[in-house]
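**Q** For the numbering used here, add 2 to where a residue sits in the sequence shown, where the first one is 1. Quick one: structure below, then a few questions.
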Amino acid sequence: MRTISNSGWVLPAGASGARTECADTPGALGRVVPSLFFSAPNDDAERSDTPAREWTAATWFIGTLLYAPFDLASAVLALLVPSDFLDPRAGLVVELAKRAVRDKRAPDPAAIMAYGFESGASASKSRARGLVAYMQEPFDKGLMPLALPHYAADVLREREREAYRELAGIAELAASASMDDLRAARDEWLERSRDRARRCAALSQL
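Structure (structure tokens):
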């Protein structure tokens, strides 16, 4: 049985509502290849009314997250940061979900929208429509919440694959960047890769 929230979202029965601060800062990699790092979602991304038609690891994760109970969502979100997601809309939902679990709320759609309005991410009607449009299709699938750690690991694996493509960008600058910058970029890339592997391993234990 499902209930309908004041925002119009159909919620699973029993849905209710500590933010882990962990930033993915540019560092040495950002100095060598600035395009590797994502800025905050821009207005076009926030205002887009386009649903999440292309089902990626992030789409499956978001659809599952919206049904997840508080304890599971909190444990999984503690192992993720918004920059793990290639789609800035998914990163925005994750950031808002972190705010929800910080306040001991399950990250259901009503909570996501509430924190979106509070933060200004969905302060206008167009931004709110964009956020709803992005979440609606994954939510409608009614995905299994217990699969959340699996989909979170898929997100990290997808990000790792993208990181290997980004590594080519560092190689292209080998002729112009200083050796110190190149070594620092290499070391930071390796540390980020190891960090993703550690988090994948932790997710497998949930």
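Glycine residues also receive a C-beta, built at the ideal position from the N, C-alpha and C atoms.
Which residue wins for smallest C-alpha separation from Ser206, given the options Ser195, Pro151, Ala186, Arg163?
**A** Among Ser195, Pro151, Ala186, Arg163, the Cα nearest to that of Ser206 belongs to Pro151.
**Q** Evaluate Glu174 with the Cβ neighbour count: other Cβ atoms within 10 Å of its Cβ, from every protein chain shown; 16 or more gives buried, anything less gives exposed.
**A** With fewer than 16 Cβ atoms within 10 Å of its Cβ, Glu174 is classed as exposed.
**Q** Going by beta carbon distance, what residues of the same chain come within less than 7 Å of Tyr153, once the five residues before and after it are set aside?
**A** Excluding sequence neighbours, Tyr153 sits near Ala59, Trp62, Phe63, Thr66.
**Q** Is there contact between the segment 177-195 and the segment 85-97, where contact requires at least three CB pairs shorter than 8 Å?
**A** The segment 177-195 vs the segment 85-97: no contact.
**Q** If I measure Cβ to Cβ from Ala204 and keep anything under 6 Å in the same chain, skipping five residues before and after, which residues do I get?
**A** The answer, listed in chain order, is Leu81.
**Q** In or out: Met115 buried (at least 16 other Cβ within 10 Å) or exposed?
**A** Met115 should be labelled buried.
**Q** Throw me the rounded Cβ distance for the Pro109 and Ala99 pair, which I believe falls under 8 Å.
**A** Between Ala99 and Pro109 the Cβ distance is about 4 Å, and since that is below 8 Å, they are a contact.
**Q** Taking the straight line between their C-alpha atoms, what separation do you get for Arg101 and Gly118?
**A** Going by the C-alpha atoms only, they are around 10 Å apart.
**Q** Return the Cβ separation of Ala165 and Arg185 in integer angstroms, given the expectation that the two are a contact with Cβ distance under 8 Å.
**A** At roughly 18 Å, the Cβ-Cβ gap does not stay under 8 Å, so Ala165 and Arg185 are not in contact.
**Q** Could you compute how far the alpha carbon of Leu74 sits from the alpha carbon of Leu148?
**A** About 8 Å.
**Q** Hey, could you find the ends of the alpha helix (DSSP H) Gln138 is sitting in?
**A** First-last of the alpha helix (DSSP H) with Gln138: 127-142.
**Q** Between the alpha carbons of Glu120 and Glu56, how many angstroms are there, rounded?
**A** Looking at the two C-alpha atoms, the distance is approximately 29 Å.
**Q** Just the C-alpha distance for Asp142 and Arg201, rounded to the nearest angstrom, thanks.
**A** In a straight line, the C-alpha of Asp142 is about 28 Å away from that of Arg201.
**Q** Alpha carbon to alpha carbon, how far is Arg161 from Lys127?
**A** In a straight line, the C-alpha of Arg161 is about 31 Å away from that of Lys127.
**Q** Smallest Cα separation from Asp89: which of Ala70, Val103, Leu158?
**A** Here the closest residue by C-alpha is Leu158.
**Q** Distance check for Ile172 and Ala187, CA to CA, integer angstroms please.
**A** Distance between the alpha carbons of Ala187 and Ile172 is about 8 Å.
**Q** Where Val134 and Ala176 are concerned, what is the direct C-alpha to C-alpha distance, given to the nearest angstrom?
**A** Approximately 44 Å, taken between the alpha carbons.
**Q** Might you give, ordered along the chain, the residues of its own chain that have their beta carbon closer than 7 Å to the beta carbon of Pro71, omitting 5 neighbours on each side?
**A** Result list for Pro71: Ala108, Pro147, in chain order.
**Q** Would you report the Cα separation of Trp191 and Asp156, rounded to the nearest angstrom?
**A** Spanning the two alpha carbons is a distance of roughly 19 Å.
**Q** Helix, strand or coil: which one does DSSP assign to Gly65?
**A** Gly65: helix per DSSP, three-state reduction.
**Q** DSSP state of Leu98, grouped into three classes?
**A** Of the three classes helix, strand and coil, the one that applies to Leu98 here is helix, per DSSP.
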